[in-house]
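Colleague: Here the sequence shown is numbered in our numbering, starting from 13 and rising by one per residue.
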Amino acid sequence: MTFDLTAMPTTFDLLHLILGSAALLFLILWVTKRSGSGNDALTTNGPASASASGNEPAAEAVSAPEPAVLREASPDAALQLLSLLQQEARLIDFVKEDLSGFSDADIGAAARVVHEGSLKALDTYFTLVPVRDEAEESQITLAEGFDAGEVRLTGNVVGQAPFTGTLVHRGWKVTGVTLPKLAEGHDARVIAPAEVEL
């Protein structure tokens, strides 16, 4: 009996589907195992293996960093802040209003109310400080090991720290929060209750 290996099947049946799926699964497992063993090779051929030859002192094996654990934020605090900004500054009323029928002077007058109320709410419930103390538009140098969570580099970012550049914005950081406590059973989703005058 002879087999023609160049012939293509003319039908696609369940057997071919199972064989193709199994081949794909084995390929995925092989690639996963190979990439995992590549990491092992890095650790075994690194400082630890050099110490086995007696040339260098023993060192800890390098391990992959732990994946970041993301925690889910509770929306209650955000809803409470939105409620405070609505209460003090009428922020939602201003943002949701169709401004196309108003003059620039009217919008400016409303923006002043929103600005003053927002400032009051922020000053009442948050302690805000600049991330950087230097004046904006001044030249600053960021040393090696600077906190990338506090400083965002923009422009032509090449090489390693230290970096010298212009401070475009000082940034803001919250050092204290004193939001009011919520009563048990309070529905924080109601940002501003409807008002009915009798």
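Here a beta-carbon is modelled for each residue, glycine too, at the ideal position from N, C-alpha and C. These figures come from a predicted structure and were not determined experimentally.
Determine, using beta-carbon pairs with one atom in the stretch 98 to 110 and one in the stretch 125 to 143, whether at least three such pairs fall under 8 Å.
Modeller: The way I'd put it, the stretch 98 to 110 does touch the stretch 125 to 143; three or more beta-carbon pairs between them come closer than 8 Å.
Colleague: Got a sec, what are the start and stop residues for the beta strand (DSSP E) T178 sits in?
Modeller: 175 to 178
Colleague: Would you tell me roughly how many angstroms separate the C-alpha atoms of L179 and R144, rounded to the nearest one?
Modeller: 9 Å
Colleague: Would you kindly check if the distance between the Cβ of F138 and the Cβ of G183 is under 8 Å?
Modeller: Cβ distance not < 8 Å, so G183 and F138 don't count as in contact.
Colleague: In whole angstroms, give me the CA-to-CA distance for T136 and L97.
Modeller: 11 Å
Colleague: Using three-state DSSP, classify G197 as helix, strand or coil.
Modeller: coil
Colleague: Thinking C-alpha only, which one of F106, G113, F114 is nearest A123?
Modeller: Minimum Cα distance to A123 is reached at F106.
Colleague: If you run the structure through DSSP and keep just helix, strand and coil, what is I119?
Modeller: In the structure shown, I119 sits in a helix (DSSP, three-state: H, G or I).
Colleague: Nearest-angstrom Cα distance between G171 and E156?
Modeller: 11 Å
Colleague: Bridge partners of V208, per DSSP?
Modeller: Paired residues: none, contrary to the question.
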